[in-house]
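Enquirer: Residue numbers (my numbering): 1 to 166.
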Amino acid sequence: MKRISLLRHAKSSWDHPGLADFDRPLNQRGRRDAPEMGRRFKARGQIPDLIITSPALRAITTARMAARQMGFPEGNIIEEHALYHANASRILAIVQSLESYAEHVMLIGHNPGFNDLANRLSEARIDNLPTAAVFCVDFDVEDWSDIGTGQGRFVYFDCPKRPFQN
Numbered sequence: 001m002k003r004i005s006l007l008r009h010a011k012s013s014w015d016h017p018g019l020a021d022f023d024r025p026l027n028q029r030g031r032r033d034a035p036e037m038g039r040r041f042k043a044r045g046q047i048p049d050l051i052i053t054s055p056a057l058r059a060i061t062t063a064r065m066a067a068r069q070m071g072f073p074e075g076n077i078i079e080e081h082a083l084y085h086a087n088a089s090r091i092l093a094i095v096q097s098l099e100s101y102a103e104h105v106m107l108i109g110h111n112p113g114f115n116d117l118a119n120r121l122s123e124a125r126i127d128n129l130p131t132a133a134v135f136c137v138d139f140d141v142e143d144w145s146d147i148g149t150g151q152g153r154f155v156y157f158d159c160p161k162r163p164f165q166n
């Protein structure tokens, strides 16, 4: 069994219009929400085996803050440049290329690719994957290369604005 947790980066700041999109930091709400989502993963007992993030500042900061709360070693976070503004097909290709040792992989990145992929993985549908939201799907496969669209079983959707439910 394989599990994918798609975690969209937390809310970013638009206070500095001269900053490149890649370099936008988290705003105050994002700095609050990223650790909260890490706490929720830990409370559910769902610490991923692998965290792969876009290297954009808002995504890597989200990854580090969430990982810290889960007890996941920050040094083990993998930065994957191809996740930066990747479409759903590209994200799925990254997943399909993973080594089989990891059972639960958390990907941290951006819309619209994450939202589109969430809607392709299982029969569950969402209109918008908000910032710091997670969409979790299980697959009854042994190898990541066997994952395809529509094969997943929706597990849960969560975001910081919702009350926590274990």
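In this text, a Cβ means the ideal position worked out from N, Cα and C, and glycines have one as well.
Can you have a look at S5 and say buried or exposed, based on whether 16 or more other CB atoms are within 10 angstroms of its CB?
Expert: That one is buried.
Enquirer: Taking the straight line between their C-alpha atoms, what separation do you get for C136 and N115?
Expert: Taking the straight line from one Cα to the other gives about 12 angstroms.
Enquirer: K2 bridges to which residues according to DSSP?
Expert: Partner(s): F139.
Enquirer: Which value, in whole angstroms, describes the spacing of the CA atoms of L129 and R8?
Expert: Those two C-alpha atoms are separated by around 7 angstroms.
Enquirer: Applying the criterion that 16 or more other CB atoms from any shown protein chain within 10 Å of the CB defines a buried residue, is D158 buried or exposed?
Expert: Flag for D158 reads buried.
Enquirer: Between the Cα of A132 and those of D15, Q28, G18, spot the shortest distance and give me the residue it belongs to.
Expert: Here the closest residue by C-alpha is Q28.
Enquirer: Return the CA-CA distance between D49 and H110, expressed in angstroms with no decimal places.
Expert: Whole-angstrom Cα-Cα distance: 21 angstroms.
Enquirer: Using the three-state DSSP reduction, which class does F41 fall into: helix, strand or coil?
Expert: It is helical.
Enquirer: Tell me whether W144 is buried or exposed, calling it buried when 16 or more other Cβ atoms sit within 10 Å of its Cβ.
Expert: W144 is buried by the Cβ-count criterion.
Enquirer: Which residue from K161, F164, Y156, L83 puts its Cα closest to that of D138?
Expert: Checked all of K161, F164, Y156, L83; the closest Cα to D138 is Y156.
Enquirer: Alpha helix (DSSP H) containing D116: first to last residue?
Expert: Start and end: 113 to 121.
Enquirer: Can you tell which of A10, V141, R44, I60 has the C-alpha that lies nearest to the C-alpha of Q96?
Expert: When each option's Cα is compared against that of Q96, the closest is V141.
Enquirer: Contact check, P35 vs R3 under 8 angstroms by CB: the rounded distance?
Expert: 21 angstroms between Cβ atoms; not a contact.
Enquirer: Reducing DSSP to helix, strand and coil, say where D15 ends up.
Expert: D15 falls in the coil class under three-state DSSP.
Enquirer: Exposed or buried, what is I78 when buried is set at 16 or more other beta-carbons lying within 10 Å of its beta-carbon?
Expert: With fewer than 16 Cβ atoms within 10 Å of its Cβ, I78 is classed as exposed.
Enquirer: Tell me whether L92 sits in a helix, a strand or coil according to DSSP, three-state version.
Expert: In this structure, L92 counts as helix in the three-state DSSP scheme.
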